[in-house]
Amino acid sequence: MNFPYFYFFCIKKFYSRFILKTEQKKYWLRFLISGTALFIIVYLFYHVLRQFEFIDQIYVDVLNKFAQFLLFASKKFTELFGFEVTVYGKTIKIVDEFKAHGVYMDRGCMGRNVLLAFAGLIAVFPGKLKHKLWYIPMGLTVITFVNILRISGLAITAYCCPEYSDINHYLVFKIVAWIIIFILWMIWFNRFSPFAKKKKTEQNEN
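So the number in this note's numbering is just where the residue sits in the sequence shown, counting from 1, plus 71.
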């Protein structure tokens, strides 16, 4: 699930409950316009700006640095359980004298789509900038930490029970990641968005 799909899913989820209220239409209109603009910007970056070699090189360098950070953090976390862990290139392995199974982390395993989906969703969703300035970094930190746990979990799975590696990689951990994003968004929606304030006002009036 990429950012556009998650973005439209959130619109559909709350359309019937909120958008029909006249006083809230302006917020949803702003969300639609901002979300569409962000999608266009992201699309242009990947399909136009990255055609320039120096921009693409900067992007690749940043991704490589981030990948090394994830692998290093995952290695240290996995070692807490008493495993001997090595990192070679973009592969993390648990080794002993009998076997060594590793997990290769390509760009798709870095959580780019998940991080972009969360940051983009909160950035374009109605709410005060002062809250977004701390909530987005906090959410990105939480998601990155979960991804570190995910990489560590995949390394342990590949070592102890490799037959379950695929289902954990392609299903379980991805579902967990998107559930966390949804929870973070729900917290934002119910605590920091204009809709939360209106909901509190309605409750006080009742």
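Glycine included, every Cβ here is placed at the ideal spot set by N, Cα and C.
Is residue i near residue j, with beta carbons less than 8 Å apart?
i: THR226; j: ILE165; result: Note that residue 226 corresponds to Ala in the displayed sequence, not to Thr. Result yes, Cβ atoms of ALA226 and ILE165 sit closer than 8 Å.
i: GLU150; j: VAL156; result: yes
i: PHE253; j: ILE214; result: no
i: LYS201; j: ILE193; result: no
i: SER223; j: SER105; result: no
i: LEU211; j: MET181; result: no
i: PHE196; j: ARG221; result: no
i: ILE219; j: PHE125; result: no
i: TYR114; j: ARG121; result: no
i: LEU142; j: LYS161; result: yes
i: TYR98; j: PRO265; result: yes
Assign residue i to one of two classes, buried (16 or more other C-beta atoms within 10 Å of its C-beta) or exposed (fewer than that).
i: TRP61; result: The requested residue 61 is not part of the displayed model; the chain covers only 72 to 277.
i: ILE207; result: buried
i: THR228; result: buried
i: LEU255; result: buried
i: PHE140; result: exposed
i: ILE280; result: Residue 280 cannot be examined here, being either before or after the span of the chain that is shown, 72 to 277.
i: TYR241; result: exposed
i: ILE246; result: exposed
Going by DSSP in three states, residue i sits in which element: helix, strand or coil?
i: LYS203; result: helix
i: GLY153; result: coil
i: GLY224; result: helix
i: LYS164; result: strand
i: GLY198; result: coil
i: VAL174; result: strand
i: VAL158; result: strand
i: GLY182; result: coil
i: PHE148; result: helix
i: VAL217; result: helix
i: CYS231; result: helix
i: PHE263; result: coil
i: LEU102; result: According to the sequence shown, residue 102 is Phe rather than Leu. PHE102: helix per DSSP, three-state reduction.
i: THR119; result: The sequence shown places Val at residue 119, rather than the Thr named in the question. Reduced to three states, the DSSP call for VAL119 is coil.
Excluding the 5 residues preceding and the 5 following residue i in the sequence, name in chain order all residues of the same chain whose CB lies nearer than 7 Å to its CB.
i: ARG101; result: PRO197
i: ARG178; result: LEU134
i: PHE137; result: MET181
So, for residue i: in the same chain, excluding its five sequence neighbours on each side, which residues have a beta-carbon less than 8 Å away from its beta-carbon?
i: ILE251; result: VAL213, ILE214 and VAL217
Give a yes or no on whether 8 Å exceeds the smallest Cβ distance from residue i to chain D.
i: LEU225; result: Annotation note: the requested chain D is absent from the structure, which comprises a single protein chain.
Below 6 Å CB to CB, which residues in the same chain sit around residue i once its five sequence neighbours on both sides are set aside?
i: ALA267; result: ASN261
(Q) Could you check whether the region 229–239 touches the region 170–187, counting it as contact only if at least three pairs of C-beta atoms, one from each stretch, sit closer than 8 Å? (A) yes
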